[in-house]
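If you count by mature numbering (1 follows the signal peptide of the UniProt record, and there is no 0), then the sequence shown holds residues -25 to -1, 1 to 314, one letter each, in order.
First comes the structure, then the notes that go with it.
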Amino acid sequence: MAMKSTGRICAALALLAGACGTASAYDGPVYEHLGVYGLALGSDRDLAVRANRYVLTPDRLTASLSVENYGKAAVTSRLYLQFKPVTSWHSDNAGAFALDVPDNLLGASATLDGRDLDGTMRESALYRGIDISADLAAAGIGLVPFRIDTSKADPDRLRALREGGIAGRFGADWQLDLTYAWPVTIEAGKTSEVRAVFKPILGAFVDTLTIFDYEPDKLQLGIEGPPVSGLCLTPGQEQRIFALFGAIGGDGPEWPYRIRDYSVTLVAPAQGFAGLYDFSFRIEPSRPGDIVSVCGGDFREQTDGAMVWETDRADETVLTIHFIEVEDAYRRYLPKPEK
């Protein structure tokens, strides 16, 4: 797949992953995920989306649409992969991601019936609802990378940006919107699969699950973290977590997990659709013994630890996903797999 301007943009995403706030309700050196909207088509003239498929692991998200052209002529549309807006940077996270990154950090690609598609990355900048893309360009400042060196910018225009708060004391402070777009042509009378694949940028919590000896029956997120209920654990998942702490033993608090999060906003795949039909979504853990919990949607945990959508239809909704992963030093305490 050929993707234009990817090198500049993906260098930005490496910074943006840690650039805009906290994954929980308290402050600290935490990295926020770069969320994504569901896959969508542009023109839907004579096109019908017959199926929606999603598979997510910590290293890869695959989304596909089965698209039927029920008309009498080929239809050219666009396949869109839109990311959540990045609104500001968080100084604790500034050094979390290096500028020296691969040309395509997300590894984003798209196919039509298995054939690679050529696409572009579109970006725009907003500050307090005002489109400032042209202002930045006039000052000699590109939209990406986000945390940019302004030393070579036009002095007068840079001064105006600073007066407006756009180029702030700690760096860029505008909202950056990023969207991939691939042209697709569906032949008349044919049903085709369009697919997009990329590497998700996950967030990381400051603190993680633990149990203190003065409240041995209560899970906590750190010392003063947010309620554990925000993880949306199932009763079975809580039991497995308590069992791991029981196997570890000891008098002091232990920290056997790390928590990474992500979000997917399910959207109708084209205009005129009230939801997503013939829908499937599978979320897999990194390794056996790890836990996937989901806030939102209609998921059920499988015996292999994956979360699978139970019905064949979905409404537009936000899914907040937690990958609760056992640290290497504690994996010996996990139950042995049954033979």
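For every residue, glycine included, the Cβ atom is placed at its ideal position computed from N, Cα and C.
Here the structure is a predicted model, which means the values were calculated and not measured.
- Nearest C-alpha to Leu153 among Ala83, Glu302, Ile161 and Leu194: Ala83.
- Within the same chain, Trp230, Pro231, Tyr232 and Arg233 come within 8 Å of Glu302 by CB-CB distance, once the 5 residues on both sides are set aside.
- For the pair of segments examined, the segment 15 to 35 was found to touch the segment 171 to 178: the number of CB pairs separated by less than 8 Å reaches three.
- For Ile266, the uninterrupted beta strand (DSSP E) segment begins and ends at Ile266 to Cys270.
- By the beta-carbon neighbour count (other beta carbons within 10 angstroms, threshold 16), Tyr102 is buried.
- Looking at the backbone, the Cα of Ile223 and that of Cys270 are separated by about 28 Å.
- Contact between the segment 153 to 166 and the segment 92 to 101 is present, with at least three C-beta pairs closer than 8 Å.
- The residues Phe58, Lys59, Tyr237, Ser238, Val239 and Thr240, in chain order, have a CB closer than 8 Å to that of Gly10 in the same chain once the five nearest residues on each side in sequence are set aside.
- In this structure Asp287 is not in contact with Arg25, their Cβ atoms being roughly 12 Å apart against a cut-off of 8 Å.
- The DSSP-derived three-state label of Phe217 is helix.
- Cβ-Cβ distances below 6 Å link Pro310 to nothing in the same chain once the five nearest sequence neighbours on each side are left out.
- Minimum Cα-Cα distance from Pro244 among the listed residues Glu313, Arg28 and Lys193 corresponds to Arg28.
- Counting the other CB atoms within 10 Å of its CB gives Tyr45 a total below 16, which places it among the exposed residues.
- For Val242, the secondary structure class from DSSP, reduced to helix, strand or coil, is coil.
- Between the C-alpha atoms of Phe248 and Leu54 there is a straight-line separation of about 16 Å.
- When secondary structure is reduced to three states using DSSP, Val181 falls in the coil class, being assigned neither helix nor strand.
- Within the model, the alpha-carbon separation for Glu162 versus Glu276 is close to 39 Å.
- In the DSSP annotation of this structure, Ala112 is not part of any beta strand (DSSP E); the continuous alpha helix (DSSP H) holding it starts and ends at Ser108 to Ala113.
- Taking 3 residues as the shortest admissible run, the segment 118 to 180 contains the following complete beta strand (DSSP E) segments, listed from N- to C-terminal end: 150 to 161 and 166 to 173.
- About 11 Å separates the beta carbons of Leu56 and Leu40, which is beyond the 8 Å limit, so they are not a contact pair.
- Taking all protein chains in view, the Cβ of Ile198 is surrounded by fewer than 16 other Cβ atoms within 10 Å, so the residue is classified as exposed.
- By the Cβ criterion, the segment 127 to 144 is not in contact with the segment 185 to 192, since fewer than three pairs of Cβ atoms, one from each stretch, lie closer than 8 Å.
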